[in-house]
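Chemist: Handing you a structure now.
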Amino acid sequence: MKTKREEKNMFICSVKLATLRFVGIIVLSVTVLVGMTVFYTAEEPVLSGTDVRYDGMYTETDRRDFLAAVGYRATGDAKSTVEYTLPPTLDAVLLGYNELQKEQGFDLAKYTGKTLTRYTYEIENYEGHEGKVYANLITYRDRIVAADLTGEGNSFVRPLQ
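In this text, residue positions in the sequence shown follow our numbering: the first is 496, and each later residue adds one.
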């Protein structure tokens, strides 16, 4: 015979600490992945609104083809090729040059402490300057990471666009 009190059923669930830790790691990983997807944008440099490849610059032909894709014709092979290591921190001159690069979507700050290669080409179809004009293509691991146009005697330095 039942009393006036109702019987209460109790449900007990036990979870091991290892299971909680595993679920926590999964939730954290998914959160980080979603955050990276939402907030990270792979910045691809944009020169003159063209669809240009910046990687795979293994040969003279690759680099001359890159210049042609952005509207410049090189007179031949590179006039000079120089390897140098970017300092760990950018000084005032390099910070100014980096601002020029940022206009094109490049950022040299990512390459501090790295060894870069600068290829300099004479350009034959640049208009608006009487003297010679050179294109500098700066690469890291065969990928263009900076570029500029320079007038003879450093009379000007401009982005490629």
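We put the beta carbon where it would ideally sit given N, CA and C, even for glycine. Here the structure is a predicted model, which is why all the values come from computation and not from measurement.
Per DSSP, what kind of secondary structure is Arg-613 in: helix, strand or coil?
Modeler: Note: Arg-613 maps to strand in three-state DSSP.
Chemist: Would the region 593 to 610 and the region 569 to 582 be scored as touching if the rule is three or more Cβ pairs under 8 Å?
Modeler: Contact holds: three or more Cβ-Cβ distances are below 8 Å.
Chemist: Could you name the residues of the same chain whose beta carbon sits closer than 7 Å to that of Val-547, not counting the 5 residues immediately before and after it, in chain order?
Modeler: Closer than 7 Å at Cβ, skipping near neighbours: Phe-561, Ala-564, Val-565.
Chemist: Apply the 10 Å Cβ neighbour rule to Asp-550 and answer buried if 16 or more other Cβ atoms are within range, or exposed otherwise.
Modeler: With fewer than 16 other Cβ atoms within 10 Å, it is exposed.
Chemist: What is the rounded straight-line gap between the Cα of Asn-593 and the Cα of Pro-654?
Modeler: Using only the alpha carbons, I get a separation of about 11 Å.
Chemist: Is Tyr-553 buried or exposed, if buried means 16 or more other CB atoms sit within 10 Å of its CB?
Modeler: The residue in question, Tyr-553, is exposed, as its Cβ has fewer than 16 Cβ neighbours within 10 Å.
Chemist: Between the C-alpha atoms of Thr-607 and Lys-597, what's the straight-line distance to the nearest angstrom?
Modeler: Approximately 15 Å, taken between the alpha carbons.
Chemist: Are the CB atoms of Arg-613 and Leu-632 nearer to each other than 9 Å?
Modeler: Contact flag set, yes.
Chemist: If you draw a straight line from the C-alpha of Arg-559 to the C-alpha of Val-525, how long is it?
Modeler: Taking the straight line from one Cα to the other gives about 43 Å.
Chemist: Could you spell out the range, first to last residue, of the alpha helix (DSSP H) harbouring Leu-558?
Modeler: The sequence shown places Arg at residue 558, not Leu. Residues 555 to 564.
Chemist: Write down the C-beta distance between Glu-647 and Thr-570 rounded to the nearest angstrom, noting that I regard them as a contact closer than 8 Å.
Modeler: Wrong, their Cβ atoms sit about 13 Å apart, outside the cutoff.
Chemist: Would Val-628 and Tyr-635 qualify as a contact pair, given that the criterion is a beta-carbon distance under 9 Å?
Modeler: Cβ atoms of Val-628 and Tyr-635: not closer than 9 Å.
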